[in-house]
Every structure is written in structure tokens, then in C-alpha cells.
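Read in order, the letters of the sequence shown correspond to residues -24 to -1, 1 to 224 in mature numbering (1 follows the signal peptide of the UniProt record, and there is no 0). All C-beta atoms, glycine included, are put in the ideal place defined by N, C-alpha and C.
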Amino acid sequence: MFPRLLPRLLAGLLAGLLASQAQAGLFDDEEARMRINQMRTEFSARLDKLEASSRAQLELADQIENLKAEIARLRGENEVLSNDLANANKRQKDFYVDLDNRLRKVEPQAAAEAPAAPVAPAAADPANESRDYEAALTQLRAGKFREAATGFVAFTKAYPNSSFQPNAHFWAASALYQLKDNVGAAEHYAKVASQWPDDTRAPDALLGLSSTQAARNDTAGATKTLERLVAKYPSSSAATIARQRLKK
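Right under this line is the structure:
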């Protein structure tokens, strides 16, 4: 009887072994598929991260270029401020030297002559002109924009024939822009550009005017002003900034 059962037992063991191997192969295939899917997911995540990093680098590069242009503009303004202050000091010193020389010549003659009628004061005292302009510049350099704006606006009214008129209007506009008075700033920027188109401040005035228009959501007006700046002053540093803004 036992010899008869032996073939059956062997056949059963063989069948079980084949089934186990088949099942193990099935599990190996399933594990391989899971691993492939996992690798695909990891690859996609890495690719997305790389693309995001590339976009961030491009945006950063663009911001750096804009900052460089803005720094160049601010450096130019700072140089003009320093030059204006130096000129104001020189004019004031020259005035006092000239006044002293005149007084020295007049004093001996006045002592010998009878008292004369009072002389009418001059329309504008150069000493006061230099003092007031220098005071407004000092306020602007100190970041006191409200006081600077008041000083420059008062200067433009008190000394209408001053050679500092273009710069006084420009710095008044700059101070008002910092105070977010875009209407007042636009008025002074526009006056510089229209009344003194050959002045060195004219290109920057148009650039400032476009900024006030953009701040008031006048996109069309800002674009038109930038195009006017590039066409009229193509070689100016302000035109370089204008071209960058027009590309956006």
C-alpha cells in the first residue's frame, strides 16, 4: 500500500513546489513594478524641483539687473546733489567776497559824503538764494522729504529767475514722490521736461513723471512718457531704465 502512495506524495510535493515558485515569481514582478513606479515618482519630483529652481534663478537675475539700473540712477542723483551743494557753497562764498570788496570801496566815499536816501533792496538777494537752496538740499539728503518739498517749492516761487530753478523743481518732485503725492510730483517733473528740455535733469524728470503715472494706474500715460524719453534722450542713463520698463 505504501509503495502505491509514494508516487502520489511525490506528485503532490512537486505540484506544491511549482506553485510556490510561480507565486514567488509573481511577487517579484509586483515588487519590480512598485519600484519602477516609485522611481518615476521620484524622478518627476526632482524634475519639478529643478524647473522651479531654474525659474527662480531667472527671476533673481532679472531683479538683480533692475537693481543695478536703479542703483546707477540713485548714484547719479547723489552726484548731482553733491555738485549742487558744492555750487551753492561756492556761490555763497563768492557773493560774500564780492560784497566785502564793494563795501571796502564804498566806505571811504560814504564817510565823506552826506547821507543819501535809502537804496531800494534788490529783487533777490544771492546770499538768501544760496542759503534757501542749500537748506532744502540738506533736508532732502537727510531724508526729511516733507521739509525738503516745502523748501524747494518755496524756492521756486521766491526766486523765479534763479539758475537753480530746473533742479529745484526736480528735487521738489522727487520729495513729493517719496511722500506719495503723485499729482504734485508729476506737475514739477513735467515742468522740468517741458520748460528746460536741454537741462541735464530733463531725462530723469521724464522717468520720474512715468513713475508718478504708473503709481496712479495710468499705464498708457506711463508707457507714452517712457517712449518719449527713449526717443528724445536715447543715450541717457534714464533711457536705459526706460527701455527695461518697456520690455515688461
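- Under 7 Å between C-beta atoms of S212 and P179: yes
- Message: Between G184, G197, D175, which has its C-alpha nearest D157's C-alpha?
- Response: G184
- Name the two residues that bound the continuous alpha helix (DSSP H) containing G184. For G184, the enclosing alpha helix (DSSP H) starts and ends at 178 to 191.
- Message: Quick check on G127: buried or exposed, where buried means 16 or more other Cβ atoms within 10 Å of its Cβ?
- Response: buried
- Item | S20 classed as buried or exposed, judged by whether at least 16 other C-beta atoms fall within 10 angstroms | exposed
- From what residue to what residue does the alpha helix (DSSP H) around W147 run? 141 to 154
- Query: What is the C-beta distance between A149 and Y135, in whole angstroms, given that I count them as a contact (C-beta under 8 Å)?
  - Reply: Wrong, their Cβ atoms sit about 17 Å apart, outside the cutoff.
- Going straight from the alpha carbon of Q141 to that of A214, what length do you get? 21 Å
- Taking A118 as part of the alpha helix (DSSP H), name the residues at either end of that continuous run. Neither: A118 is in no alpha helix (DSSP H) and is coded neither H nor E.
- Task: Go ahead and pull the three-state DSSP assignment for P91.
- Result: Confidence at P91 is low in this model, with a pLDDT of 47, below 50, so the placement of that residue should be treated as unreliable; the coordinate-derived value is given next. Three-state DSSP puts P91 in coil, outside helix and strand.
- According to DSSP, is D157 helix, strand or coil? coil
- Task: Might you give, ordered along the chain, the residues of its own chain that have their beta carbon closer than 7 Å to the beta carbon of Y109, omitting 5 neighbours on each side?
- Result: A64, F131, F140, A144
- Cβ-based burial, V159 [other Cβ within 10 Å; buried from 16]: exposed
- In whole angstroms, what separates the C-alpha of E18 from that of L36? 27 Å
- Message: Using a 10 Å radius around the Cβ and a threshold of 16 neighbouring Cβ atoms, would you call I12 buried or exposed?
- Response: I12 comes out exposed.
- Query: If we count the other Cβ atoms within 10 Å of its Cβ and call it buried at 16 or more, is T195 buried or exposed?
  - Reply: exposed
- Task: Report the option in A45, T114, T199, S186 whose CA atom is closest to the CA atom of Y153.
- Result: Cα-wise, what sits closest to Y153 is S186.
- Item | Sub-7 Å separation of Q189 and A198 beta-carbons | Result yes, Cβ atoms of Q189 and A198 sit closer than 7 Å.
- Query: Alpha carbon to alpha carbon, how far is K200 from K224?
  - Reply: 14 Å
- Item | Exposure label - R122; buried when at least 16 CB within 10 Å | exposed
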